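In my numbering, the protein residues as written are 5 to 217.
Structure, rendered in structure tokens:
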């Protein structure tokens with residue numbers, strides 16, 4: 005690496021920031037859309053709980069500008085019932101309807117059916133590119149299996165690296181990404197938060213972000 009390239013890399017790197025999910029409900033910068041949020045103890049972690057409900061639910065930190073960087077978070081969903089748990093991270097957030105997200109289907113983590121197994125992690129860009137349109141028009145491109153498979157009823161760690169236009173997803177410290185996609189949004193910036201899908205709630209803890217620009 006040349007001295008100039010090293011300097012550029014050093015300038016672009018940022019110290020990771022802890023975003024306090026337990027402040028939801030106390031800090032007005034945290035916005036909640038289409039869910040009820042509470043702070044609870046869940047399997048050994050103090051966590052943000054989002055209620056079940058119809059449609060997608062979102063909590064984001066208003067005013068927190070995110071372009072590129074790494075997002076680390078602990079997530080807890082559930083393996084049963086099937087189609088009952090959709091949990092993840094939203095970025096490029098404008099509001100509860102317009103955002104990108106990477107989310108997980110814990111009920112598919114250890115599914116014996118190969119098709120379901122391959123639908124464990126998903127990228128979407130709402131409202132233009134929801135999961136069903138992506139599956140229909142780009143099958144197998146924006147969703148993948150996770151290997152080794154996490155336990156769908158326990159906490160797992162997700163690391164989402166956004167380097168526009170590429171998004172890479174790592175689970176439980178894996179060195180190889182389980183999903184690599186090209187962003188579909190035309191937004192280079194936006195707010196950041198956590199996401200649940202139709203009919204689903206979820207638990208979230210230890211949100212840390214390292215912004216590179």
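Don't be surprised by glycine CBs; every beta carbon is placed ideally from N, CA and C. Computed from a predicted structure; not experimentally measured.
Asked                                                                                                                                                           : Found
DSSP has residue 129 in a bridge; who is on the other side?                                                                                                     : 104 and 133
Starting from residue 161 and walking both ways along the beta strand (DSSP E), at which residues does that stretch end?                                        : 160 to 167
Where residue 123 and residue 147 are concerned, what is the direct C-alpha to C-alpha distance, given to the nearest angstrom?                                 : 6 Å
Would you list the one or two residues that DSSP bridges to residue 23?                                                                                         : 211
Evaluate contact between the stretch 32 to 40 and the stretch 66 to 76, counting only Cβ atoms and requiring at least three cross-stretch pairs below 8 Å.      : yes
So residue 108 packs on residue 92, CB below 8 Å; how close in whole Å?                                                                                         : 6 Å
Going along the chain, which residues of its own chain have a beta-carbon closer than 6 Å to the beta-carbon of residue 212, five neighbours each way excluded? : 20, 22 and 76
Check whether the stretch 53 to 64 touches the stretch 194 to 207, taking contact to mean three or more Cβ pairs, one atom from each stretch, closer than 8 Å.  : yes
Quick check on this structure: which residue in 78, 110, 132 and 27 has the alpha carbon closest to the alpha carbon of residue 48?                             : 78
How would you write the range of the beta strand (DSSP E) that residue 45 sits in, first residue to last?                                                       : 41 to 46
Which stretch, first to last residue, makes up the alpha helix (DSSP H) that contains residue 120?                                                              : 118 to 121
Given this structure, state the Cα-to-Cα distance separating residue 165 from residue 74, to the nearest angstrom.                                              : 4 Å
Counting pairs of Cβ atoms below 8 Å between the stretch 166 to 183 and the stretch 94 to 106, do you hit three or more?                                        : yes
Which same chain residues, not among the five before or five after residue 86, have their C-beta less than 7 Å away from its C-beta?                            : 111
Name, in chain order, the residues that DSSP records as bridge partners for residue 50.                                                                         : 45
Is it buried or exposed for residue 154, if we count other Cβ within 10 angstroms and need 16 for buried?                                                       : buried
By the 10 Å Cβ neighbour count, where 16 or more other Cβ atoms means buried, how is residue 101 classified, buried or exposed?                                 : exposed
Measure the CB-CB distance between residue 206 and residue 81 and report whether it falls below 8 Å.                                                            : yes
So, are the CB atoms of residue 216 and residue 117 less than 8 Å apart?                                                                                        : no
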